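Participant:
Numbering (my numbering), first residue to last: 82 to 400.
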């Protein structure tokens with residue numbers, strides 16, 4: 082009989098190698114003001130690394146433009162388990178180009194399950210960490226109500242809570258409401274996957290994530306929380322008929338539908354991320370002489386164990 086648990090461990094480490102490859106490639110362009118080159122380098126490296134992965138993979142969340150790593154593309158050597166793949170070679174190419182915090186390379190694999198098929202639209206999101214009563218926060222509640230519930234559940238005053246929000250003009254109203262409720266805010270330039278995942282990591286200091294970001298990032302965030310706990314809701318932002326057509330084409334006929342974690346990411350999930358630039362979750366790629374040092378995290382829903390992996394890579398040698 083096959084050792085499925087050992088196979089899962091092997092798949093977890095293979096996923097880390099994929100995110101490491103993308104992060105290392107993107108890091109070459111860190112701070113050089115060229116986000117397109119940073120993104121393309123990561124795409125090329127991740128595509129190459131995926132070819133060596135022992136899976137029969139199908140990309141469900143991938144690149145919206147270009148000829149590589151697109152939705153429905155087959156990846157892997159075709160000899161391993163059938164898995165759905167969600168990936169983002171660089172979450173925040175602008176971050177990397179500017180040398181700002183929280184740049185990540187991310188991949189998630191769902192064996193015996195699936196990821197929600199989402200169109201290239203925005204998504205409303207709200208997320209909190211684990212160990213809290215079910216249904217604690219809701220997209221339909223005002224920030225003051227969600228913060229009051231979170232404050233009571235954590236046993237701390239609202240003034241001690243920190244809310245992570247993308248720094249965008251569209252969030253002006255929600256920022257004002259959060260501050261009026263008495264909570265503090267951590268604004269981030271980009272990278273809402275890292276913002277959502279930070280809610281389950283005590284050292285991040287983030288208690289709640291809310292706001293509007295990419296739908297693809299929402300699914301990747303849900304994949305991470307499916308592995309380590311936490312709560313999340315997402316809902317597509319459908320602004321006009323063109324958006325409605327995109328949603329319909331993706332099989333989402335009710336634009337008001339709220340998705341929880343299990344709706345967005347199901348099955349035996351493996352999530353891996355590698356830092357490109359330093360952030361709340363991970364250190365960035367650090368080059369010293371002929372060595373590149375990476376820091377990654379990997380977690381499986383089957384075990385719930387989160388592992389940090391430090392990689393030391395010699396230039397010119399294959400992993």
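Every residue gets a Cβ at the ideal spot worked out from N, C-alpha and C, and that includes glycine. Keep in mind the model is a prediction, meaning the values are calculated, not measured.
Residues in its own chain within less than 8 Å of residue 287 by CB, not counting five upstream and five downstream?
Facilitator: Looking up residue 287 in the chain shown gives position 206. 243, 244, 245, 267, 276, 279, 280 and 361, listed in sequence order.
Participant: Could you check whether the segment 292-309 touches the segment 333-350, counting it as contact only if at least three pairs of C-beta atoms, one from each stretch, sit closer than 8 Å?
Facilitator: Yes: the two stretches touch, three or more of their Cβ pairs being nearer than 8 Å.
Participant: Among the residues of its own chain, which have a CB less than 6 Å from the CB of residue 285, if the five just before and after it don't count?
Facilitator: As a position in the chain shown, residue 285 is number 204, starting the count at 1. Once the five neighbours on either side are set aside, the close Cβ partners of residue 285 are 279 and 361.
Participant: Could you pull out every residue in the same chain whose Cβ sits closer than 7 Å to the Cβ of residue 163, ignoring the five residues on either side in sequence?
Facilitator: Within the chain shown, the letter at position 82 stands for residue 163. Once the five neighbours on either side are set aside, the close Cβ partners of residue 163 are 137.
Participant: Whole-angstrom Cβ separation of residue 271 and residue 173, contact assumed at under 8 Å?
Facilitator: Stepping through the chain shown from its first residue, residue 271 is reached at position 190. Stepping through the chain shown from its first residue, residue 173 is reached at position 92. That pair is a contact at about 4 Å.
Participant: Could you have a look at residue 170 and say whether DSSP puts it in helix, strand or coil?
Facilitator: For the purposes of this step, residue 170 is taken as residue 89 along the chain shown, with counting starting at 1. Strand at residue 170.
Participant: Can you tell me which residues form a DSSP beta bridge with residue 308?
Facilitator: For this step, residue 308 is matched to residue 227 along the chain shown. Answer by DSSP bridge pairing: none, since residue 308 is not bridged.
Participant: For residue 289, name the three-state secondary structure that DSSP assigns.
Facilitator: Against the chain shown, residue 289 aligns to sequence position 208. Of the three classes helix, strand and coil, the one that applies to residue 289 here is strand, per DSSP.
Participant: If you draw a straight line from the alpha carbon of residue 181 to that of residue 135, how long is it in whole angstroms?
Facilitator: In the chain shown, the residue the question calls residue 181 occupies position 100. In the chain shown, the residue the question calls residue 135 occupies position 54. In a straight line, the C-alpha of residue 181 is about 34 Å away from that of residue 135.
Participant: Would you mind sorting residue 93 into buried or exposed? The rule is 16 or more other CB atoms within 10 Å of its CB.
Facilitator: Within the chain shown, residue 93 is the residue found at index 12, counting from 1. So residue 93 counts as buried.
Participant: Determine the burial state of residue 358: buried for a count of at least 16 other Cβ atoms within 10 Å of its Cβ, exposed for fewer.
Facilitator: Along the chain shown, one-based indexing puts residue 358 at 277. Residue 358 comes out buried.
Participant: Measuring straight from C-alpha to C-alpha, what distance separates residue 218 and residue 225?
Facilitator: Your numbering for residue 218 matches position 137 in the chain shown. Your numbering for residue 225 matches position 144 in the chain shown. Answer to the nearest angstrom: the Cα atoms are 11 Å apart.
Participant: Looking at the structure shown, is residue 377 part of a helix, part of a strand, or coil, going by DSSP?
Facilitator: Counted from its first residue, the chain shown places residue 377 at position 296. In this structure, residue 377 counts as strand in the three-state DSSP scheme.
Participant: Tell me the DSSP bridge mates of residue 391?
Facilitator: Counted from its first residue, the chain shown places residue 391 at position 310. Answer is 376, bridged to residue 391.
Participant: When we look at the beta-carbon of residue 367 and count the other beta-carbons within 10 Å, is it buried (16 or more) or exposed?
Facilitator: Locating residue 367 in the chain shown gives position 286, where the first residue counts as 1. With fewer than 16 Cβ atoms within 10 Å of its Cβ, residue 367 is classed as exposed.
Participant: In chain order, what residues of the same chain lie with their CB nearer than 7 Å to the CB of residue 220, ignoring the 5 residues before and after it?
Facilitator: Here residue 220 corresponds to residue number 139 of the chain shown, with the count starting at 1. Same-chain partners within the cutoff: 205, 207, 314, 316 and 339.
Participant: How about residue 167 and residue 189: are their beta carbons less than 8 Å apart?
Facilitator: Counting from one through the chain shown, the residue named residue 167 turns up at place 86. Counting from one through the chain shown, the residue named residue 189 turns up at place 108. Yes.
Participant: Among the candidates 105, 229, 175 and 142, whose CA atom is the shortest distance from the CA of residue 125?
Facilitator: As a position in the chain shown, residue 125 is number 44, starting the count at 1. Nearest option by C-alpha distance: 105.
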